[in-house]
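Residue numbers (our numbering), protein chains in the order written: chain A, 1 to 319; chain B, 320 to 713.
We treat Cβ as the ideally placed atom computed from N, Cα and C, and that holds for glycine.
Down below is the structure, laid out as structure tokens.
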Amino acid sequence: MNHHMNRGLAHSPEIWAIGGGKGGVGKSMVSILLASALAQQGQKTIIIDADLGGANLHTMMGIKTPVRTLNDFITRKYNTLDEICIQTSQSGLQLICGASEILSLANPQYAQKNKIVQGLVNLPADHVILDLGAGTSYNVLDFFLIADHPIVVVTPQPISIQNAYGFVRNTIYRKLSRLAGQQPSLNNLIKTAMDPKNDSQMRTIHDLFDAVSKEFDADLAIRIKEAVFSIRPWLITNNARDERDRNAGRIIQLVAEKYLTIRAKELGAIYYDPVIEKMVSQMRPITLLSPDSAARQDAARIVQRVLNEKRTARERIDN
Amino acid sequence: MKIAMNLPDDHQYSIMQRILDGTLTIESVEEFREILDIYPDDPILRRKYADLLVEKSELDHAIAAFGLAAELFIDQGMNLQAIVAKILQWSIEQPTHQEGRRFHELLRDEGAQYTPLQRFWASMGYAELVTIMLRLVRVRLLTGEKIACVDDPANEIYFVVSGTLAETWSPDCQVEASRAGVDTEPILLGANDIFGNIFPLDKPTVSYTDIVAISDVELVKIAKPVLAEACKTHPHIEHLLREIYKPDNVDKCDRAWQTVRRTIRYGLPTKVELSGAQELGKDNAWSHTGIAVDLSLGGLCVDLGPRDSEHGLRKGQSVELSLDLLNEVAILDLTGKIVWHRQQETEKGNSTLIGIRLDTLKAADRELLTEYCAGSVGEQNLIWSLWDSLVKTD
């Protein structure tokens, strides 16, 4: 499922996945703001409503009834994702609508999921933004795991922080269970570790590494470590209203580092903007939000930071 | 192998955990003894019991309880905590040299030596250990209290016995460090961490960071001049001390995270509807609404709020529960058994707490609850400690 294996085209897009566990934290809004900021910078961007069970991104983009949806691609009405792209009101920004009318897509089969992933890789764009659904179902996590820029959105509320952390935690165990593949005993061990109060006393990912090392072999433990360390989610705190609110993402970062051994990175906060709520209820495209809006400027800063980090990483490799 | 991770685990019926984190206060020695009968090997519980005995002026029993706690701590690889228990024991009754030597031998022979801090305590000679123990001063901090400030003199080394602190750089330092490309993320300090910028011992030093308690914390400290004096007499102490401060130890020991933290117990309050079935031939069916303050896959603790009696509640009774998970699933219906219940005084009057062990969960329910609980007690505690200190406003 790793889309990098399928790359080769010079213009394979960078994939951003926006997840976060809890519904209502503003994943769709953040997706649109980031996509819009990328397009603003002249980057050809496609935003995809990957909330396969409850697609509604199009309404936030001011589209009442989408003429083409992901369903048309799955059911082979169109051969490529490119064909179902809809132009938005912003230049350089296209939209692929979700498929809420087909409930079965909330749980697509492996082949369907694979078809979507293959389609993503071949999209003629610089960036593809996946607006993921709520929860931590395997399908949500699998799309999150294929992203170049996996982003977790959290709001400064206890339940959101808890769910966002749960999302990160489940992402790791999902990756490991995929790695375990057809090894039932390893899979069982991973499942046990995932239970926060398991009887085997595995409380941290470190404990799991130790258990794998003891019960299997050191090489496998190293492979598992590498798989975990390769997960580097970015964190965005949405709807911040003051300076302290901005720390919501930091909580997940600190707990994830200590218990899951992963280095999540804070991308910053997007400040609460009441105008956005109004625009959503009026079905006005969020892309029309004033450039002076704090939320829009925050999103632009976040996009710039991601692009800068990517450039720095590339320079490091080149040198 | 004895490593410091192996503390008695979070108990799924919650009562032990709640005593340990202070959210359930047991003021009766008899009641505490009953609990110790169930969990005889928990050193932290034993230490709490000893503290209670001191409060009740039952000093003879307290001496024995501290002594047993020290042994149990050593058994769990918690050398520092064992030493603190022993200091408390000996503050009530001075030890003989024989008793002192016995403890030293126990620590040396049985104490874990996997981390530099464990080695620090377990590798000392008798005279060295006595020198240090006599000079350790206990410090207790409440959540939010600051113990170190940037640029203040660093006059002490602190050892964290229990609780969690956050170490942060000052805003000025952060700006400078950011320019220099140095990571300035806050660091969490927990049981068996140390702090205090004490080297060089013979020159004044200052703190580079602010350190604030993010839960109730117990520390022991030694003043730098006292330590310098001790190191002059016993150079081996300085050698052991330098080992703890070696930078590569951070990776090897993962700092505090070698031990399970027992910070303030938090949990996302979850509304729960409870109902108990009627017993055969009796008219005693009941239903209550409460808040599940401590929810896990194994069980939960429900606070039924202020009420005058525990009407209808029986240990071992089967109950039906509906949990409001505040998500798409909304309500999760489960069954379980009452394993304990008690009245606790609160500001609003007597509150009834019930511990419930859940019956075996269906796979789908288990998955939902796993997702909702989102982590172990340690993860949850840390999330809520950080929430209180970093985000929550009054």
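Applying a beta-carbon distance threshold of less than 7 Å, which residues of chain D neighbour Val-536(B)?
-> Protein chains in the displayed structure are A and B, and chain D is not among them.
DSSP puts Tyr-477(B) in a beta bridge; with which residues?
-> Taking the first residue of the second sequence as 1, we reach residue 477(B) at position 158. Answer is Phe-514(B), Lys-540(B), bridged to Tyr-477(B).
Between which two residues does the alpha helix (DSSP H) harbouring Lys-465(B) extend?
-> In the second sequence, the residue the question calls residue 465(B) occupies position 146. That residue, Lys-465(B), is in no alpha helix (DSSP H); its beta strand (DSSP E) goes 465-467.
Just tell me which of Ile-129(A), Asn-308(A), Lys-64(A), Asp-82(A) has its CA closest to the CA of Ser-281(A).
-> Counting from one through the first sequence, the residue named residue 281(A) turns up at place 281. Comparing Cα-Cα distances from Ser-281(A) to each of Ile-129(A), Asn-308(A), Lys-64(A), Asp-82(A), the minimum goes to Lys-64(A).
Kindly indicate if chain A contains any beta-carbon less than 7 Å away from that of Leu-387(B).
-> Locating residue 387(B) in the second sequence gives position 68, where the first residue counts as 1. Chain A, which has no Cβ nearer than 7 Å to the Cβ of Leu-387(B), makes this no.
Identify the residues that DSSP records as bridge partners of Asp-643(B): which are they?
-> Within the second sequence, numbered from 1, the residue matching residue 643(B) stands at position 324. Asp-643(B) pairs with Ile-650(B).
How would you list, in chain order, the residues of chain A whose beta-carbon sits under 7 Å from the beta-carbon of Val-591(B)?
-> Translated into the one-based positions of the second sequence, residue 591(B) becomes position 272. Near Val-591(B) there are no residues of chain A at all, since even the closest Cβ is about 16 Å away, more than 7 Å.
With 7 Å as the threshold, decide whether the Cβ of Leu-614(B) is near any Cβ in chain A.
-> Within the second sequence, residue 614(B) is the residue found at index 295, counting from 1. Chain A, which has no Cβ nearer than 7 Å to the Cβ of Leu-614(B), makes this no.
Mark Asp-622(B) as exposed unless 16 or more other C-beta atoms lie within 10 angstroms of its C-beta, in which case mark it buried.
-> Position 303 of the second sequence, counting from 1, holds the residue named residue 622(B). Buried, because 16 or more other Cβ atoms sit within 10 Å of the Cβ of Asp-622(B).
Kindly examine the ligand NAD and report whether one of its heavy atoms sits closer than 6 Å to the Cβ of Val-140(A).
-> The model on display carries no ligand, and the ligand NAD is accordingly not part of it.
Would you mind stating whether Leu-371(B) and Phe-351(B) have Cβ atoms separated by less than 7 Å?
-> Counting from one through the second sequence, the residue named residue 371(B) turns up at place 52. Counting from one through the second sequence, the residue named residue 351(B) turns up at place 32. For Leu-371(B) and Phe-351(B), yes; Cβs fall inside 7 Å.
My guess is that Gly-23(A) and Ala-134(A) are in contact by the Cβ rule of under 8 Å, so how many angstroms apart are they, rounded?
-> Counting from one through the first sequence, the residue named residue 23(A) turns up at place 23. Counting from one through the first sequence, the residue named residue 134(A) turns up at place 134. About 4 Å; that satisfies the 8 Å criterion.
Would you mind working out which of Gly-635(B), Gln-662(B), Asp-643(B), Gln-663(B) sits nearest Gly-655(B), comparing C-alpha positions?
-> In the second sequence, residue 655(B) corresponds to position 336, counting from 1. Checking every option, the nearest Cα to that of Gly-655(B) belongs to Gly-635(B).
Contacts that Pro-156(A) makes with chain B (C-beta to C-beta distance below 8 Å) | Within the first sequence, residue 156(A) is the residue found at index 156, counting from 1. Residues of chain B passing the Cβ test: Val-710.
Distance between Leu-364(B) and Ile-357(B) (C-alpha atoms, nearest Å) = In the second sequence, counting from the first residue as 1, residue 357(B) sits at position 38. In the second sequence, counting from the first residue as 1, residue 364(B) sits at position 45. One C-alpha to the other measures close to 11 Å.
Any C-beta of chain B under 7 Å from that of Tyr-259(A) = Walking along the first sequence from the start, residue 259(A) turns up at place 259. Yes, its Cβ sits closer than 7 Å to a Cβ of chain B.
Whole angstroms is fine: what's the gap from Lys-310(A)'s alpha carbon to Val-128(A)'s?
-> Numbered from 1 along the first sequence, position 310 holds the residue referred to as residue 310(A). Numbered from 1 along the first sequence, position 128 holds the residue referred to as residue 128(A). Using only the alpha carbons, I get a separation of about 15 Å.
Residues bridged to Lys-656(B) (per DSSP) | For the purposes of this step, residue 656(B) is identified with residue 337 of the second sequence, where counting begins at 1. DSSP, once it has assigned bridges, lists Ser-637(B), Arg-676(B) as partnering Lys-656(B).
List in chain order: all unbroken alpha helix (DSSP H) runs of 4+ residues lying wholly within the stretch 404-469 of chain B.
-> 416-429, 435-441, 445-454
Just the chain B side, please: which residues come within less than 8 Å of Asp-245(A) by C-beta, in chain order?
-> Taking the first sequence and counting its residues from 1, the one referred to as residue 245(A) is at position 245. Residues of chain B passing the Cβ test: Val-710.
Exposed or buried, which one is Ser-12(A) when buried takes at least 16 other CB atoms within 10 Å?
-> For the purposes of this step, residue 12(A) is taken as residue 12 along the first sequence, with counting starting at 1. It counts as buried.
What in chain B is Cβ-close to Gln-297(A), meaning under 8 Å?
-> Here residue 297(A) corresponds to residue number 297 of the first sequence, with the count starting at 1. Neighbours of Gln-297(A) on chain B: none; closest Cβ ~21 Å, over 8 Å.
Give me whichever residues DSSP pairs with Gln-662(B) in a beta bridge.
-> Looking up residue 662(B) in the second sequence gives position 343. Answer by DSSP bridge pairing, in chain order: Thr-671(B).
Quick one: which unbroken alpha helix (DSSP H) runs of 4-plus residues sit fully inside the stretch 234-305 of chain A? Chain order, please.
-> 248-255, 274-281
C-beta atoms of Val-25(A) and Thr-204(A) nearer than 7 Å = Within the first sequence, residue 25(A) is the residue found at index 25, counting from 1. Within the first sequence, residue 204(A) is the residue found at index 204, counting from 1. No; because the gap between Cβ atoms is not below 7 Å, this pair is not in contact.
Tell me where the beta strand (DSSP E) around Ile-533(B) begins and ends.
-> Position 214 of the second sequence, counted from the start, is the residue given in the question as residue 533(B). No beta strand (DSSP E) holds Ile-533(B); DSSP gives it neither H nor E.
Compare the C-alpha of Val-117(A) against each of Gly-20(A), Arg-250(A), Asn-308(A), Leu-81(A) and name the closest.
-> Counting from 1 along the first sequence, the entry for residue 117(A) is found at position 117. Checking every option, the nearest Cα to that of Val-117(A) belongs to Leu-81(A).
Quick one: what does DSSP say Gly-166(A) is sitting in, helix, strand or coil?
-> Here residue 166(A) refers to the residue found at position 166 when the first sequence is read from its first residue. In this structure, Gly-166(A) counts as helix in the three-state DSSP scheme.
Measure from the alpha carbon of Val-536(B) to the alpha carbon of each residue in His-380(B), Glu-592(B), Ile-513(B), Thr-679(B), then state which is nearest.
-> Walking along the second sequence from the start, residue 536(B) turns up at place 217. Minimum Cα distance to Val-536(B) is reached at Ile-513(B).
What is the DSSP secondary structure of Cys-85(A), counted as helix, strand or coil?
-> Looking up residue 85(A) in the first sequence gives position 85. Three-state DSSP puts Cys-85(A) in coil, outside helix and strand.
Can you give me the start and stop residues for the alpha helix (DSSP H) that Leu-189(A) sits inside?
-> For this step, residue 189(A) is matched to residue 189 along the first sequence. 184-194 is the span of the alpha helix (DSSP H), which, as asked, contains Leu-189(A).
Measure the alpha-carbon distance for Glu-698(B) versus Leu-461(B) and round it to whole angstroms.
-> Residue 698(B) sits at position 379 when you count from the first residue of the second sequence. Residue 461(B) sits at position 142 when you count from the first residue of the second sequence. Near 21 Å, if we compare the C-alpha coordinates of Leu-461(B) and Glu-698(B).
Run of the alpha helix (DSSP H) containing Glu-377(B), from where it starts to where it stops = One-based indexing of the second sequence puts residue 377(B) at position 58. Where Glu-377(B) is concerned, there is no enclosing alpha helix (DSSP H), given that its DSSP letter is neither H nor E.
Could you round the C-beta distance between Leu-57(A) and Gly-98(A) to whole angstroms and report it? I think they count as a contact, below 8 Å.
-> Counted from its first residue, the first sequence places residue 57(A) at position 57. Counted from its first residue, the first sequence places residue 98(A) at position 98. Confirmed, Cβ separation roughly 6 Å.
Contacts around Met-443(B), its chain only, beta-carbon distance under 6 Å, and the 5 residues preceding and following it disregarded | For this step, residue 443(B) is matched to residue 124 along the second sequence. The answer is none, since no qualifying residue turns up.
Which of helix, strand or coil DSSP assigns to Thr-155(A) = The sequence position of residue 155(A) within the first sequence is 155, counting from 1. DSSP places Thr-155(A) in coil when its eight states are reduced to three.
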